[in-house]
Amino acid sequence: MVPVIDVQALDKKLKNKDDFILLDVRTDREYFLSSIQGSIHIPMNTIPENIDKLDKDKEIVVLCKSGIRSEKVCEFLIKNNFKNPKNLSGGIVEWSKQIDSSLIIY
551 MVPVIDVQAL
561 DKKLKNKDDF
571 ILLDVRTDRE
581 YFLSSIQGSI
591 HIPMNTIPEN
601 IDKLDKDKEI
611 VVLCKSGIRS
621 EKVCEFLIKN
631 NFKNPKNLSG
641 GIVEWSKQID
651 SSLIIY
């Protein structure tokens, strides 16, 4: 099972300037509509060829629109020996509802 993190915990990590990677795996169109400041964008379908851009030893919080695609990416990272990937529960939709209502939900 993939470890999860909720939006409140992610908000604390960002405010504390914790050392982790926030990975947005949505499409280019989705990312440019709304994104969380500080995230890096690697679309889900390009993760395999970009896997070397990610630090296997660092905590990686993965997000998508609702948490389904990001869970699949977390599973892929775990299978490729990443030590600490976490799925953002509810994705950008939940982030918009609870943390930043200025984000466009599509």
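Residue numbering for the sequence shown follows my numbering, starting at 551 and increasing by one per position.
Backbone N, C-alpha and C define an ideal beta-carbon position, used for all residues, glycine too.
None of the values given here were measured: they were computed from a predicted structure.
Note to self: Threshold first: 4 residues or longer. Then list the alpha helix (DSSP H) segments lying entirely within the stretch 572-648, N to C.
What the structure shows: 578-583, 597-600, 618-629 and 641-648
Item checked: Close Cβ partners of N566 (< 6 Å) along its chain, the five nearest in sequence each way excluded -> Counting from one through the sequence shown, the residue named residue 566 turns up at place 16. Hits under 6 Å: none found.
Notebook entry, point to check: What do you reckon, are the CB atoms on L653 and I642 nearer than 9 Å?
Noted result: Numbered from its first residue, the sequence shown carries residue 653 at position 103. Numbered from its first residue, the sequence shown carries residue 642 at position 92. Contact: yes.
Check: Run through DSSP, which three-state label would V552 get?
Finding: Reading the sequence shown from its first residue, position 2 is the one you call residue 552. V552 falls in the coil class under three-state DSSP.
Notebook entry, point to check: Among E621, D568 and S584, which has the Cα closest to the Cα of W645?
Noted result: Mapped onto the sequence shown, residue 645 falls at position 95. When only C-alpha atoms are compared, the closest one is S584.
Margin query: Assuming E574 and S639 are in contact, meaning their beta carbons sit under 8 Å apart, how far apart are those beta carbons, in whole angstroms?
Written below: The residue given as residue 574 occupies position 24 in the sequence shown. The residue given as residue 639 occupies position 89 in the sequence shown. Sequence check: residue 574 is Asp here, not Glu. The pair is not a contact, with the Cβ atoms about 15 Å apart (cut-off 8 Å).
Check: How close, in whole Å, do the beta carbons of E625 and V554 come, if the pair is a contact with beta carbons under 8 Å?
Finding: Here residue 625 is taken as the residue at index 75 of the sequence shown, counted from 1. Here residue 554 is taken as the residue at index 4 of the sequence shown, counted from 1. Not really, about 12 Å apart at Cβ, beyond 8 Å.
Check: In whole angstroms, what is the alpha-carbon distance linking F632 and N600?
Finding: Taking the sequence shown and counting its residues from 1, one reaches residue 632 at position 82. Taking the sequence shown and counting its residues from 1, one reaches residue 600 at position 50. Going from the Cα of F632 to the Cα of N600 covers about 14 Å.
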